[in-house]
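Novice: Numbering (our numbering), first residue to last: 38 to 427.
Ideal Cβ placement from N, Cα and C applies to all residues, glycine included.
None of these values were measured; they are calculated from a predicted model.
Can you keep this structure in mind? I'll have questions shortly.
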Amino acid sequence: VNSAVTLAGSAIFRNDRGWSHETSQLSLRGALTGSVTLTIEGAGSGGVELRADNASTFTGPIVVNGGWFLVGHSQALGDVGHGTTLNSGATLVFRGGVNTPEHFTVAGNANQSSLSPSSASGTFTVNDGATFTINNGGGNTFNLTGTLAGPGGIVMTSGGSVLSGSSPNTLGGLIDHQSDRSSDGLNTLTLDKSGGAAAIAGPLKLSKKAIVKWAQNDQVADISSLELAGGVLNPDGHSDALGMLTVTGPGEIDLSGGPNTLRFADSRTETWAGGGELLITGWSGSGTDAVFVGASDAGLTSTQLGKIAFVDPAGQVAGLYLADQLPTGELIPSSNEVVPINPAFDVSAAAMSRRERIYSSTGRADLSGTGTPLTAGMKISLFGDSITWQ
């Protein structure tokens, strides 16, 4: 609909036809005029889109009861004061380049996605008992320069997300980052609040291949607990203090790009269930990189400490070393290298040397060196099946 639409009373726009490559949507591209309640409805991925600049022509609340609600212009939602409510089954979709100042209330289990990189500068308030799922399909990114508020929770599944701006987030519910994407950037939540404002105010959980990356210091509230059921923490050259640490899966703290400092609260009362283990990688030495749990060598139980290891720590022969805890609470690599129990093959140094002579090859260096047998115009045929390929 390219013509202007004037609403004399409250209206419902509905589309039950499923989304398919940007077809089968109801797209209102002319100006929307009126001071009414606008309700958006749809089944599944049935899409209704507002694409015009409606800042000076439309006032009133927008209620999304289902389907996809596409925002195609930064001012498409009209005046900011009345806001938009997302009820259960609603999916909010931003087109690329959109940066809406709208205030959203998540009243049920609703979703957000982006068709290409986009952002929002308003407030997302997640009500008690509601969950807002951020799933930016296709690896797109979403930058919230506004704020997260309310007692509800956030689930992040795929696509990169950024929490930035200068206003603190006050969301009290769990942020559950559970991306299974394998590419850095498409599985990364970047914390980039300025001026000491908190990006995360409540509990945080990582699982699968999720990454949390710091872009500034002091992004997580000191009382925010962290559960590593998987995933990676990457301070990336920054420092922060967090609440208690729980490890329930294969978690990692990546200290590359330091110096880094992470301080966790005394966590000895936490239950590290599920066989979880924590690897600390990229450690460049005490005084450069530091991870603290509590303020004494009793910040962790001996069982918890036994589930932490350093990978190839600076100053030691490459390997995996169990952690020690200093009287300050700092974790450092011990001299106790982790070795396999009842290995299925010989792991002695002599056996590894014999194996290395078998699989080591100077072929690439020989072919690219001054004595190469290759000549201009020579053709090389390569063959490999699924076994030789490995």
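Would you decide whether F131 is buried or exposed? Buried here means 16 or more other CB atoms lie within 10 Å of its CB.
Specialist: Looking at its Cβ environment, which holds 16 or more other Cβ atoms inside 10 Å, F131 is buried.
Novice: Can you pull the DSSP bridge partners for K2?
Specialist: As displayed, the chain neither begins before 38 nor continues past 427, which places residue 2 out of reach and without an answer.
Novice: Looking at the structure shown, is D403 part of a helix, part of a strand, or coil, going by DSSP?
Specialist: Helix at D403.
Novice: Using DSSP's beta-bridge definition, name the partner residues of E314.
Specialist: Answer is P287.
Novice: Using only CA atoms, which one of D273, L265, K344 lies nearest to N502?
Specialist: Since the first residue of the chain shown is 38 and the last is 427, residue 502 is not available in this structure.
Novice: Looking at the secondary structure, which residues open and close the alpha helix (DSSP H) in which R394 lies?
Specialist: Looking at the DSSP string, the run of the alpha helix (DSSP H) that includes R394 is 386-396.
Novice: Mind reading off the beta-carbon distance from D349 to A355? Whole number of angstroms is fine, and I expect it under 8 Å.
Specialist: Right, their Cβ atoms sit about 5 Å apart.
Novice: Determine the closest residue to T365 out of G331, T407, D277, with distance taken between C-alpha atoms.
Specialist: Closest option to T365, Cα to Cα, is G331.
Novice: In this structure, how does DSSP classify Q256 when only helix, strand and coil are distinguished?
Specialist: DSSP places Q256 in coil when its eight states are reduced to three.
Novice: For D259, which residues from the same chain have a beta carbon less than 6 Å from its beta carbon, with the 5 sequence-adjacent residues on both sides left out?
Specialist: Excluding residues within five positions, the ones whose Cβ falls inside 6 Å are A278.
Novice: Let's see if you can read the secondary structure: which residues bound the alpha helix (DSSP H) around L342?
Specialist: Element bounds for L342: 339-342.
Novice: State the DSSP-derived secondary structure class of G83, mapped to helix, strand or coil.
Specialist: G83 falls in the coil class under three-state DSSP.
Novice: With N148 and N172 assumed to form a contact (beta carbons below 8 Å), what rounded beta-carbon distance in angstroms separates them?
Specialist: Indeed, because the Cβ distance is near 6 Å, the residues count as touching under 8 Å.
Novice: Leaving out five residues on either side along the sequence, give the residues of the same chain with a beta carbon under 8 Å from the beta carbon of D326.
Specialist: Taken in chain order, the residues that qualify are L292, G295, P296, N297, T298, G319, W320.
Novice: What's the call for R392, buried or exposed, on a 16-neighbour Cβ count within 10 Å?
Specialist: By the neighbour-count rule (16 or more Cβ atoms within 10 Å), R392 is not buried but exposed.
Novice: Distance check for W56 and N39, CA to CA, integer angstroms please.
Specialist: Each residue's Cα considered, the two are about 20 Å apart.
Novice: DSSP three-state call for G202: helix, strand or coil?
Specialist: G202: strand per DSSP, three-state reduction.
Novice: Am I right that V85 and L107 are in contact with their C-beta atoms under 8 Å? What's the rounded C-beta distance?
Specialist: Indeed, because the Cβ distance is near 7 Å, the residues count as touching under 8 Å.
Novice: How about L359 and V375: are their beta carbons less than 8 Å apart?
Specialist: In contact: L359 and V375 (Cβ atoms closer than 8 Å).
Novice: With a 10 Å radius around its C-beta and 16 neighbouring C-beta atoms as the bar for buried, classify M389 as buried or exposed.
Specialist: Exposed, because fewer than 16 other Cβ atoms sit within 10 Å of the Cβ of M389.
Novice: Just the C-alpha distance for N432 and F420, rounded to the nearest angstrom, thanks.
Specialist: In the structure as shown, the chain begins at 38 and stops at 427. Residue 432 is therefore absent and cannot be evaluated.
Novice: Who pairs with E367 in a beta bridge, going by DSSP?
Specialist: Answer is F329.
Novice: Below 8 Å on the Cβ atoms is my contact criterion, and I expect S204 with A252 to pass it. Report the Cβ-Cβ distance as a whole number of Å.
Specialist: With 8 Å as the limit, S204 and A252 do not qualify as a contact, their Cβ atoms being about 16 Å apart.
Novice: Under 8 Å, do T121 and I99 count as touching if we go by C-beta distance?
Specialist: Yes; because the gap between Cβ atoms is below 8 Å, this pair is in contact.
Novice: Measuring alpha carbon to alpha carbon, tell me which residue in G288, G232, V101 is nearest V249.
Specialist: Among G288, G232, V101, the Cα nearest to that of V249 belongs to G288.
Novice: From the DSSP output, in three-state form, read off G176 for me.
Specialist: Of the three classes helix, strand and coil, the one that applies to G176 here is helix, per DSSP.
Novice: Who are T122's beta bridge partners in DSSP?
Specialist: According to DSSP, which records beta bridges pairwise, T122 is partnered with V100, T142.
Novice: If you count every other CB in all the chains shown that lies within 10 Å of the CB of M486, and 16 or more means buried, which is it?
Specialist: Residue 486 lies beyond the range of the chain shown here (38 to 427); nothing can be said about it.
Novice: Would you tell me roughly how many angstroms separate the C-alpha atoms of D229 and G400, rounded to the nearest one?
Specialist: Distance between the alpha carbons of D229 and G400: 46 Å.
Novice: Note the first and the last residue of the continuous beta strand (DSSP E) segment covering D334.
Specialist: No beta strand (DSSP E) contains D334, which DSSP labels as neither H nor E.
Novice: State buried or exposed for T412, treating a residue as buried only when at least 16 other CB atoms are found within 10 Å of its CB.
Specialist: Classification for T412: exposed.
Novice: Buried or exposed, going by whether 16 or more other CB atoms sit within 10 Å of the CB of R88?
Specialist: Counting Cβ neighbours within 10 Å, R88 comes out buried, since at least 16 surround it.
Novice: Whose C-beta lies closer than 6 Å to the C-beta of L263 among residues of the same chain, with five residues either side of it excluded?
Specialist: Taken in chain order, the residues that qualify are L241, L279, L282.
Novice: How far does the beta strand (DSSP E) with Q62 in it extend, from its first residue to its last?
Specialist: Its beta strand (DSSP E) spans residues 62-65.
Novice: In angstroms with no decimal places, state the Cα-to-Cα distance between A157 and T182.
Specialist: Looking at the two C-alpha atoms, the distance is approximately 6 Å.
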